[in-house]
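Have a look at the structure below, then the notes.
Number of protein chains: 2
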Amino acid sequence: MTAEALILDGNVVAADIKEKLLERIQGLAEQAIVPCLATILVGEDPSSATYVRMKGNACKRLGIESIRIDLPTETTTEQLIETIHKLNADPKVHGILLQHPVPEQIDERAAFEAIAIEKDVDGVTALGFAQNAFGYADFPSCTPAAIVAILDYYKIPVEGKHAVVIGRSPILGKPVSLMLLNKNATVTTCHSKTENLEDVVRLGDIIVAAVGKPKFIQGDWIKPGAVVLDAGYNKGNVGDVDYDRCLEKASAITPVPAGVGPVTIATLLKHTVDAAEKVAKRKSID
Amino acid sequence: MTAEALILDGNVVAADIKEKLLERIQGLAEQAIVPCLATILVGEDPSSATYVRMKGNACKRLGIESIRIDLPTETTTEQLIETIHKLNADPKVHGILLQHPVPEQIDERAAFEAIAIEKDVDGVTALGFAQNAFGYADFPSCTPAAIVAILDYYKIPVEGKHAVVIGRSPILGKPVSLMLLNKNATVTTCHSKTENLEDVVRLGDIIVAAVGKPKFIQGDWIKPGAVVLDAGYNKGNVGDVDYDRCLEKASAITPVPAGVGPVTIATLLKHTVDAAEKVAKRKSID
Chain A
1 MTAEALILDG NVVAADIKEK LLERIQGLAE QAIVPCLATI LVGEDPSSAT YVRMKGNACK
61 RLGIESIRID LPTETTTEQL IETIHKLNAD PKVHGILLQH PVPEQIDERA AFEAIAIEKD
121 VDGVTALGFA QNAFGYADFP SCTPAAIVAI LDYYKIPVEG KHAVVIGRSP ILGKPVSLML
181 LNKNATVTTC HSKTENLEDV VRLGDIIVAA VGKPKFIQGD WIKPGAVVLD AGYNKGNVGD
241 VDYDRCLEKA SAITPVPAGV GPVTIATLLK HTVDAAEKVA KRKSID
Chain B
1 MTAEALILDG NVVAADIKEK LLERIQGLAE QAIVPCLATI LVGEDPSSAT YVRMKGNACK
61 RLGIESIRID LPTETTTEQL IETIHKLNAD PKVHGILLQH PVPEQIDERA AFEAIAIEKD
121 VDGVTALGFA QNAFGYADFP SCTPAAIVAI LDYYKIPVEG KHAVVIGRSP ILGKPVSLML
181 LNKNATVTTC HSKTENLEDV VRLGDIIVAA VGKPKFIQGD WIKPGAVVLD AGYNKGNVGD
241 VDYDRCLEKA SAITPVPAGV GPVTIATLLK HTVDAAEKVA KRKSID
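Line by line, the protein sequences are chains A and B.
Position 219 of the first sequence, counting from 1, maps to 219 under my numbering, and the rest follow consecutively.
Position 249 of the second sequence, counting from 1, maps to 249 under my numbering, and the rest follow consecutively.
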């Protein structure tokens, strides 16, 4: 029907981001600084454990130190916050990532807010969110930033286009909506209460799926020629988009796996190096 | 054509908000607390001066103290921030309002950020913005909160509806978009770079005009039966909406004047009383 869709290869974008980090990590090494990311995993959710392991491995391959902190499922909010405060105070640690979701007895928002803004490499604090919304955050949330990085890498026009975001979470749907708005897209944010969702999705020149439901976005919801970005990652390695059907309609599309996921991890590494460089800069001024 | 539009009378909504404040102000008086709003006006912009005067008068009529601070046009960012810090430290002051726009040599964002969160009754700080975006702010920006108050007062259904916001400023377009999203509307945010603006506006069941251009929104841009909220206030007492033409198409509409404006002021008074009550509560716990 339409010409063949461009596959937006996340591995290519991630490799480009990481490539550019190597020299910077080298530069930090010359100042005896090793960028260091601390990840906190509470409980034993197997997919969360996999993510944390992938992030740790990605750090290692690039020469970024990673500290992994595993806390038991029954951890309280207070105990988690105490752990975060220790990492805030540790000069060796440049970035802190609290893997979510956390077990339900924990006040996730309170835990996120405990992260010091200069170590909030996943942009989860309220202040980080607002700075991103206003367009001057050091560390926008990694998945939204990855989506923007893919659009940038493949030079997909955003200004004036109609972007439809499905999802409104504080770390994905809302920040990616605001980032696309700041890139001069007209932005519609949809969610579970949206009436006539198909018709709304059909408005989109750019579609961001951030629902957390496997193959939720159907091929016939997509305007021919739309650009489809799938931020979902569900059991069985499937995204939020019915890839095969959407592929027939889209002008460009991210696969799952090897789409947004690897770019999210690369963005996390980049933010950790950014944070380490800021520390280096402060040191050199002192 | 359509049945006659309901006029969303801001004076009625404002009177309702103020009515409910009287008893609370009385209750504070019994604890020897007088709610107090400090307004800062930098320079001599005549409309800004009018707004500040209106706010001061509204305070007086209700028994809220208002302190007005006038700073010269050539005030620096540092001088303005120093003034704000003094007000932050003054236990008599419960709310701080920096009238904007400020003269161009001032870093407005830096000045806003200097306001202590517990006195940020107009929701201008980044933290206040994010708390509002996440749905738990004490003080959402007053104009967005006024728009929501009008919808609530007139029991206009929002959930599932398509709201179109024209404007994306940090204190109006963005926060009202997020508030409507949190009330379960599907929200589209438009701006100067939006392509085919008329078609996008025509999608809206609820339209919020926050453009700052007189009579910008045309009658034939409006879907028949839409609800139109005009947050604009331009020279000659006209809003951002071509009221007469939109009146013919809308099911409900705010006039200008006597629409969003008076509710914004009533919301500011309410936030000041809220802030004073929080201080009273802390005192009673001490």
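Just so you know, even glycine gets a beta-carbon here, dropped at the ideal spot from N, CA and C.
Note that this is a predicted model, so its numbers are computed, not measured.
Residue-level contact to chain A via CB, residue i, 8 Å cutoff
i, result
"P170(B)", "yes"
"F139(B)", "no"
"E159(B)", "yes"
"K174(B)", "yes"
"L151(B)", "no"
"C142(B)", "no"
"A231(B)", "no"
"V102(B)", "no"
"L181(B)", "yes"
"A130(B)", "yes"
"V187(B)", "yes"
"C59(B)", "no"
"C190(B)", "yes"
Cutoff 8 Å: residue i Cβ touching any chain C Cβ
i, result
"K193(A)", "Absent here is chain C; the protein component of the structure consists of chains A and B."
Presumed contact (8 Å Cβ cut-off) between residue i and residue j, rounded CB distance
i, j, result
"L268(A)", "D122(A)", "7 Å"
"T272(A)", "G95(A)", "4 Å"
"G56(A)", "S66(A)", "5 Å"
"I207(B)", "A226(B)", "6 Å"
"L8(A)", "I253(A)", "6 Å"
"K118(B)", "K281(B)", "Correcting the residue type first, residue 118(B) is Glu in the shown sequence and not Lys. Not confirmed; about 12 Å, so no contact."
"T264(A)", "A146(A)", "4 Å"
"T125(A)", "E113(A)", "6 Å"
"I64(B)", "I40(B)", "Actually they are not in contact, since the Cβ atoms of I64(B) and I40(B) sit about 17 Å apart, beyond 8 Å."
"A130(A)", "A130(B)", "4 Å"
Chain B within 8 Å of residue i, Cβ atoms only
i, result
"N184(A)", "yes"
"A126(A)", "yes"
"F112(A)", "no"
"T254(A)", "no"
"F216(A)", "no"
"G261(A)", "no"
"V200(A)", "yes"
"A133(A)", "yes"
"V227(A)", "no"
"G10(A)", "no"
"T83(A)", "no"
"M1(A)", "Low confidence applies here, because M1(A) scores a pLDDT of 49, under 50, leaving its location unreliable; read the following figure in that light. Output row for M1(A): interface = no."
Helix, strand or coil at residue i [DSSP, three-state]
i, result
"D205(A)", "coil"
"T39(B)", "strand"
"D16(B)", "helix"
"V211(B)", "coil"
"L298(A)", "This structure leaves residue 298(A) out entirely; chain A is present only between 1 and 286."
"D90(A)", "coil"
"D286(B)", "coil"
"H162(B)", "strand"
"G10(A)", "helix"
"A116(A)", "coil"
"E23(A)", "helix"
"L172(B)", "coil"
"A266(B)", "helix"
"E44(A)", "coil"
"I147(B)", "helix"
"D244(A)", "helix"
"T194(B)", "coil"
Proximity winner among the options, relative to residue i (alpha-carbon distances)
i, options, result
"K249(B)", "G232(B), P257(B), V228(B)", "V228(B)"
"T194(B)", "G167(B), P35(B), S66(B), A110(B)", "G167(B)"
"L98(A)", "P255(A), I171(A), N234(A), A226(A)", "I171(A)"
"F139(A)", "T254(A), A266(A), A5(A)", "A266(A)"
"G10(A)", "R282(A), G261(A), E74(A)", "G261(A)"
"R61(A)", "A32(A), C36(A), L71(A)", "C36(A)"
"G236(A)", "E4(A), D274(A), D286(A), G212(A)", "G212(A)"
"T143(A)", "E118(A), K270(A), E4(A)", "K270(A)"
"A210(A)", "N196(A), D199(A), G135(A), N234(A)", "N234(A)"
"I81(A)", "I106(A), I64(A), G63(A)", "I106(A)"
"P157(B)", "L180(B), E74(B), L197(B), A145(B)", "L180(B)"
"K183(B)", "D274(B), A114(B), P46(B), Y136(B)", "Y136(B)"
"A93(B)", "L178(B), A258(B), I33(B), L127(B)", "For clarity, residue 93(B) is Val in the given sequence; the question names Ala instead. For V93(B), the nearest C-alpha among the options comes from I33(B)."
"E104(A)", "C59(A), V148(A), D45(A)", "D45(A)"
"T77(B)", "R53(B), M54(B), V42(B), C59(B)", "V42(B)"
"G219(B)", "V238(B), E198(B), D205(B)", "E198(B)"
Residue i beta carbon near the ligand HEM (any heavy atom closer than 7 Å)
i, result
"C59(A)", "No copy of the ligand HEM appears in this structure; indeed no ligand is present at all."
Please confirm if the segment 236 to 245 of chain B is in contact with the segment 82 to 89 of chain B, defined as three or more CB-CB distances below 8 Å between the two stretches.
no
Quick test of the definition: if touching needs 3 or more C-beta pairs under 8 Å, does the segment 170 to 190 of chain B touch the segment 182 to 191 of chain A?
yes
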